[in-house]
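Residue numbers (our numbering): 39 to 457. Yeah, the Cβ is synthetic: ideal placement off N, Cα and C, and Gly gets one too. Because the structure is a prediction, the values reported are computed rather than measured. All remarks here apply to the structure that follows.
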């Protein structure tokens with residue numbers, strides 16, 4: 039479930055030369071998930087309407103191929119899960135991932151589900167929260183494969199009960215005694231880094247290991263710097279406790295990275311290919327690039343001065359960057375007049391590409407008619423049917439494709455690695 043609709047009320051209040059002729063026999067592509075020769079091998083993962091959807095990148099704008107990897111629980115009582123928020127691949131090469139999962143709350147506490155590449159739940163990470171109907175939203179792994187997550191907390195401007203939580207492996211476990219899940223137990227492998235964030239949003243980590251968290255409730259972006267606790271107890275630097283009696287970091291280096299600036303309801307954050315940060319504001323519909331010193335570099339998405347809703351280019355809630363540098367964003371399609379603002383009926387996933395000079399192009403709609411789209415990610419995969427042929431040394435757009443022969447030179451031999 040997207041977490042925007044209530045905080046607007048408080049806002050008013052406040053990517054030697056030789057030539058050889060190589061004759062190849064064309065063979066079928068093989069497994070359904072094997073990428074063809076002109077296939078990027080990438081999928082857009084998108085949470086919306088308490089389900090997880092996938093879109094094949096290579097079919098965007100040309101007959102979109104998509105599926106639902108995880109259906110919501112009300113539609114699939116056996117395997118469905120109410121999933122939402124940011125999607126984070128576990129950095130172990132398994133294809134598993136983490137995302138917000140709150141099936142059956144409040145009887146079963148909300149948390150972060152751990153899923154196989156096939157969408158089968160293998161674990162659940164459950165913390166304690168300071169609000170009822172908790173909204174587990176953001177996640178990000180650091181270089182040590184430690185997991186940081188955000189719990190939204192209250193959605194009101196001026197609130198301060200969102201949380202940044204650090205988790206310790208293993209992640210593919212369920213809370214409580216073995217074999218008893220689903221239950222109302224809380225996990226024992228976490229440490230809260232902060233429990234007073236105003237509407238905690240998407241987190242991201244830079245090359246120095248610093249964690250940035252958007253805070254729309256305080257109209258700011260926060261930054262937390264290492265060292266971080268090494269375990270969920272006093273020996274690991276997590277000997278304090280919060281109001282719920284849960285483990286809290288003894289100390290933390292924290293600062294305001296971006297201070298309030300008008301209607302700066304900061305939301306999505308992602309790393310740019312050059313190490314800078316892309317940061318979005320959902321109410322005013324902007325995406326901007328900043329250095330890690332907090333200096334504005336340029337606007338990537340700029341609808342102009344805010345004159346109310348709706349905004350033609352949408353309202354980015356979370357961001358993801360593809361290997362080629364394209365930016366994808368979950369668009370909430372905000373509607374209404376302040377303070378009565380909320381997600382509209384036509385949520386979308388959009389993509390911003392860049393031209394040969396690095397200039398952003400107008401956003402393209404990947405998929406529309408979505409309900410509360412709040413998370414987006416780019417992960418390996420392929421949904422296209424098995425009707426492609428692997429061709430060696432051909433380019434992705436097959437500009438010199440020949441069904442019987444390819445000419446391999448020093449200029450294109452590297453493409454063999456993709457075949």
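Handout entry: alpha helix (DSSP H) segments (min. 4 residues) lying fully within the region 250 to 332
Key = none
Problem - Cut-off 6 Å between Cβ atoms - residues of its own chain near residue 282, not counting five sequence neighbours on either side - result: To locate residue 282, count along the chain shown from 1; it is residue 244. Contacts found: 166.
Handout entry: Stretch-stretch touch, CB-based, cutoff 8 Å, three pairs: the region 209 to 219 with the region 273 to 293
Key = no
Exercise for the section: Output yes if chain C places a C-beta closer than 8 Å to the C-beta of residue 372; else output no. Expected result: This model lacks chain C altogether, as it is built from one protein chain only.
Exercise for the section: Compare the C-alpha of residue 345 against each of 321, 360, 363 and 331 and name the closest. Expected result: By 1-based counting over the chain shown, the position of residue 345 is 307. Checked all of 321, 360, 363 and 331; the closest Cα to residue 345 is 321.
Exercise for the section: Using three-state DSSP, classify residue 156 as helix, strand or coil. Expected result: Here residue 156 corresponds to residue number 118 of the chain shown, with the count starting at 1. Residue 156 falls in the coil class under three-state DSSP.
Handout entry: Burial state of residue 230 (16 or more Cβ within 10 Å)
Key = Within the chain shown, numbered from 1, the residue matching residue 230 stands at position 192. The residue in question, residue 230, is buried, as its Cβ has 16 or more Cβ neighbours within 10 Å.
Exercise for the section: Report yes or no: do the region 151 to 158 and the region 102 to 119 share at least 3 C-beta pairs separated by less than 8 Å? Expected result: yes
Problem - residue 375 - containing beta strand (DSSP E), residue span - result: Numbered from 1 along the chain shown, position 337 holds the residue referred to as residue 375. Element bounds for residue 375: 372 to 375.
Practice task
Just tell me which of 162, 409, 184 and 363 has its CA closest to the CA of residue 394.
Solution key: Residue numbering aside, residue 394 sits at position 356 when the chain shown is read from its first letter. Here the closest residue by C-alpha is 363.
Problem - N- and C-terminal bounds of the beta strand (DSSP E) containing residue 187 - result: Counted from its first residue, the chain shown places residue 187 at position 149. Unbroken beta strand (DSSP E) run through residue 187: 185 to 189.
Exercise for the section: Label residue 77 either buried or exposed according to how many other C-beta atoms from any shown protein chain fall within 10 Å of its C-beta, with 16 as the threshold for buried. Expected result: Here the question's residue 77 lines up with position 39 in the chain shown. With 16 or more other Cβ atoms within 10 Å, it is buried.
Problem - Cα-Cα separation, residue 313 to residue 90 - result: If you number the chain shown from 1, residue 313 lands on position 275. If you number the chain shown from 1, residue 90 lands on position 52. Answer to the nearest angstrom: the Cα atoms are 29 Å apart.
Problem - Nearest neighbour of residue 145, chosen from 137, 224 and 291 [CA to CA] - result: Translated into positions along the chain shown, residue 145 becomes position 107. Ranking 137, 224 and 291 by Cα distance to residue 145 puts 224 first.
Handout entry: Residue environment, residue 353, which counts as buried when at least 16 other CB atoms sit within 10 Å
Key = For the purposes of this step, residue 353 is taken as the residue at position 315 of the chain shown. Under this definition residue 353 is a buried residue.
Practice task
Kindly indicate which three-state DSSP category residue 166 falls into: helix, strand or coil?
Solution key: What you label residue 166 is simply residue 128 of the chain shown in a count that begins at 1. In the structure shown, residue 166 sits in coil (DSSP, three-state: anything other than H, G, I, E or B).
Exercise for the section: For residue 96, name the three-state secondary structure that DSSP assigns. Expected result: For the purposes of this step, residue 96 is identified with residue 58 of the chain shown, where counting begins at 1. Looking at residue 96 - three-state DSSP - the assignment turns out to be helix.
Problem - Euclidean distance between Cα positions of residue 88 and residue 291 - result: In the chain shown, the residue the question calls residue 88 occupies position 50. In the chain shown, the residue the question calls residue 291 occupies position 253. Taking the straight line joining both Cα atoms gives about 35 Å.
Problem - Inter-residue CB distance, residue 123 and residue 412 (contact presumed, cutoff 8 Å) - result: Counted from its first residue, the chain shown places residue 123 at position 85. Counted from its first residue, the chain shown places residue 412 at position 374. The pair is a contact, with the Cβ atoms about 6 Å apart (cut-off 8 Å).
Practice task
Would you mind giving the Cβ-Cβ distance between residue 226 and residue 147, rounded to the nearest angstrom? I have them listed as a contact below 8 Å.
Solution key: For the purposes of this step, residue 226 is taken as residue 188 along the chain shown, with counting starting at 1. For the purposes of this step, residue 147 is taken as residue 109 along the chain shown, with counting starting at 1. The Cβ separation is near 13 Å, so there is no contact.
Exercise for the section: With DSSP as the reference, please indicate the residues paired to residue 228 in a beta bridge. Expected result: Counting from 1 along the chain shown, the entry for residue 228 is found at position 190. In DSSP, residue 228 forms a bridge with 205.
Problem - residue 267 vs residue 204 beta-carbon contact at 8 Å - result: Counting from 1 along the chain shown, the entry for residue 267 is found at position 229. Counting from 1 along the chain shown, the entry for residue 204 is found at position 166. In this structure, residue 204 lies closer than 8 Å to residue 267 by Cβ.
Practice task
Compute the Euclidean distance between the alpha carbons of residue 389 and residue 102, then round it to the nearest angstrom.
Solution key: In the chain shown, the residue the question calls residue 389 occupies position 351. In the chain shown, the residue the question calls residue 102 occupies position 64. Distance between the alpha carbons of residue 389 and residue 102 is about 14 Å.
Practice task
Measure the C-alpha to C-alpha separation of residue 307 and residue 136 and round it to an integer number of angstroms.
Solution key: In the chain shown, counting from the first residue as 1, residue 307 sits at position 269. In the chain shown, counting from the first residue as 1, residue 136 sits at position 98. When rounded, the distance between both Cα atoms is 17 Å.
Exercise for the section: Please classify residue 338: does DSSP put it in a helix, a strand, or coil? Expected result: As a first step, residue 338 must be located in the chain shown, where it is residue number 300. Residue 338 falls in the strand class under three-state DSSP.
Problem - Contacting residues, own chain, Cβ-Cβ under 6 Å from residue 65 (five flanking each side not counted) - result: For the purposes of this step, residue 65 is identified with residue 27 of the chain shown, where counting begins at 1. Confidence at residue 65 is low in this model, with a pLDDT of 30, below 50, so the placement of that residue should be treated as unreliable; the coordinate-derived value is given next. Cβ neighbours of residue 65 beyond the five flanking positions: none.
Practice task
Going by CA-CA distance only, name the one from 185, 126, 423 and 151 that's closest to residue 117.
Solution key: The count along the chain shown starts at 1 and reaches residue 117 at position 79. Residue 117 has its Cα closest to that of 151, out of 185, 126, 423 and 151.
Exercise for the section: Output the boundary residues of the beta strand (DSSP E) element that contains residue 379. Expected result: Here residue 379 corresponds to residue number 341 of the chain shown, with the count starting at 1. From DSSP, the beta strand (DSSP E) with residue 379 extends over 378 to 381.
Problem - Delimiting residues of the beta strand (DSSP E) encompassing residue 122 - result: Looking up residue 122 in the chain shown gives position 84. Element bounds for residue 122: 121 to 127.
Problem - Within 8 Å, strictly: CB atoms of residue 360 and residue 163 - result: The residue you call residue 360 lines up with position 322 of the chain shown. The residue you call residue 163 lines up with position 125 of the chain shown. No, they are not a contact pair.
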